[in-house]
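Chemist: Take the sequence shown: its position 202, counting from 1, is numbered 232 in this note's numbering, and each next residue is one higher. Every residue, glycine too, gets a C-beta built ideally from N, C-alpha and C.
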Amino acid sequence: MMRLKDKLILVTGGNGLLGSAIIHKIKEEGGKVINADITAHTNDDLSDVQCDICNEESVNELITQIKKRYGKIDGLVNNAYPRTKDWGLKFEDIPYASWQKNVDMQLNSLFYMSQQVAAFMKLNQTGSIVNMASIYGIVGPDFSVYGNTQMTTPAAYSAIKGGVVNFTRYLASYMGPDNIRVNCVSPGGIFDNQNPEFVKNYESKVPLKRMGSPTDIAPSVAFLLSDESNYITGHNLVVDGGWVSK
31 MMRLKDKLIL
41 VTGGNGLLGS
51 AIIHKIKEEG
61 GKVINADITA
71 HTNDDLSDVQ
81 CDICNEESVN
91 ELITQIKKRY
101 GKIDGLVNNA
111 YPRTKDWGLK
121 FEDIPYASWQ
131 KNVDMQLNSL
141 FYMSQQVAAF
151 MKLNQTGSIV
161 NMASIYGIVG
171 PDFSVYGNTQ
181 MTTPAAYSAI
191 KGGVVNFTRY
201 LASYMGPDNI
211 RVNCVSPGGI
221 FDNQNPEFVK
231 NYESKVPLKR
241 MGSPTDIAPS
251 VAFLLSDESN
261 YITGHNLVVD
271 GGWVSK
């Protein structure tokens, strides 16, 4: 299928595990991708752009470059996952400054990128925004899966992803009159060579009995970017192997 033919899609954090799979799928569907990543090196066609999504000036420069070269943005995937070096501490050990910084880096940067891209989309009266959320933005964590490991899920993660889910609904309501759709995807646990004990614990609780892979998630993003979903907005598409169905 070529569901994204002639569409220009901006993906943040495209060099990461999920981001690279999302970009591959968009290209497979015929879309043109701009990867905005802090580790990228800007090239002439803007397929890669070095961008710090936590910096207003960097975001503004990105949008200016896209306007000059392409004159449109058909889709935005807010996928980047910036975090502090102490990310992953247990609740009682999290410094207040770290909590503040992570909310700023992850949630506030998503707000600003969405605001600036939506203003651009509004000029053309069309667009689709997909925010990457999480099952831990809609249900409480099952801490038993971390048993016999040093792992945990950061407290800020649940707060941020929950905020992403409801901010998506806000944007969908606000931007609907301008024909801009806003949805989110909530993945379950994605396999990334984690501690084998954690993987075993997690998979035992998933109805499909396995962790997800980036290729399980990318098609849902492509669908929400495509015209096949042109009457879907404000939706949280959960892709979790059945985790939240229990």
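Can you say whether M143 is buried or exposed, counting buried as having 16 or more other CB atoms within 10 angstroms of its CB?
Modeler: That one is buried.
Chemist: CA-CA distance, K276 and H71?
Modeler: Distance between the alpha carbons of K276 and H71: 44 angstroms.
Chemist: Give the DSSP-derived three-state secondary structure of K57 in the structure shown.
Modeler: In this structure, K57 counts as helix in the three-state DSSP scheme.
Chemist: Within this structure, are the beta carbons of W273 and I190 separated by less than 9 angstroms?
Modeler: It is not a contact, given that the beta carbons lie outside the stated cut-off.
Chemist: Per DSSP, what kind of secondary structure is A70 in: helix, strand or coil?
Modeler: It is coil, neither helix nor strand.
Chemist: Determine the direct distance from the alpha carbon of S243 to that of V215, and round the result to whole angstroms.
Modeler: If I take the Cα positions, the gap works out to 14 angstroms.
Chemist: Which class does M230 belong to by DSSP, given the choice of helix, strand or coil?
Modeler: Looking at the sequence shown, residue 230 is not Met but Lys. It is helical.
Chemist: Quick one: measure Cβ to Cβ for E59 and L40, integer angstroms, because I've assumed they're closer than 8 angstroms.
Modeler: E59 to L40, Cβ: 15 angstroms. No contact.
Chemist: In or out: F121 buried (at least 16 other Cβ within 10 Å) or exposed?
Modeler: Exposed: under 16 other Cβ atoms inside 10 Å.
Chemist: Shortest alpha-carbon distance to D75 belongs to which of I220, G170, I96, N90?
Modeler: Selected option, being the one with the closest Cα: I96.
Chemist: Looking only at its chain, what residues have a beta carbon closer than 6 angstroms to the beta carbon of S128, apart from the 5 residues adjacent to it on each side?
Modeler: Counting only Cβ-Cβ distances below 6 angstroms, and skipping sequence neighbours, we find T114, D116.
Chemist: For R211, which residues does DSSP report across the bridge?
Modeler: Answer by DSSP bridge pairing, in chain order: S158.
Chemist: Checking 9 angstroms against the spacing of the C-beta atoms, do V229 and G218 come in under that value?
Modeler: Not closer than 9 angstroms, so no.
Chemist: Using the beta-carbon count (16 or more within 10 Å), is K239 buried or exposed?
Modeler: Exposed is the call here.
Chemist: Just list the residues that DSSP pairs P217 with in beta bridges.
Modeler: The partner list for P217 (beta bridge, DSSP) reads V269.
Chemist: What is the rounded straight-line gap between the Cα of N231 and the Cα of F173?
Modeler: Taking the straight line from one Cα to the other gives about 10 angstroms.
Chemist: Please return the same chain residues whose Cβ sits closer than 7 angstroms to the Cβ of Q155, not counting the five positions on each side in sequence.
Modeler: The residues are D208, N209.
Chemist: Using 9 angstroms as the threshold, is the C-beta distance between G167 and V194 below it?
Modeler: Taking 9 angstroms as the Cβ cut-off, G167 and V194 qualify as a contacting pair.
Chemist: Residue range of the alpha helix (DSSP H) that L92 falls in?
Modeler: Note, L92: alpha helix (DSSP H), 86–99.
Chemist: Whole angstroms is fine: what's the gap from I93's alpha carbon to R199's?
Modeler: Distance between the alpha carbons of I93 and R199 is about 24 angstroms.
Chemist: Do you know whose CA, among G264, V107, V268, lies nearest G22's CA?
Modeler: Outside the shown range of the chain, which is 31 to 276, sits residue 22, and nothing can be said about it.
Chemist: Assuming T42 and N109 make a contact with CB atoms under 8 angstroms, what is their CB distance in whole Å?
Modeler: Yes, T42 and N109 are in contact; Cβ-Cβ is about 5 angstroms, under 8 angstroms.
Chemist: Which residues in the same chain have their Cβ closer than 6 angstroms to the Cβ of T69, if we skip the five residues on either side of it in sequence?
Modeler: Only N45 meet the Cβ criterion.
Chemist: Look up N109 in the DSSP assignment and say whether it is helix, strand or coil.
Modeler: DSSP places N109 in coil when its eight states are reduced to three.
Chemist: Closest by CA to N196, which one among V212, M181, A185, A186?
Modeler: Here the closest residue by C-alpha is V212.
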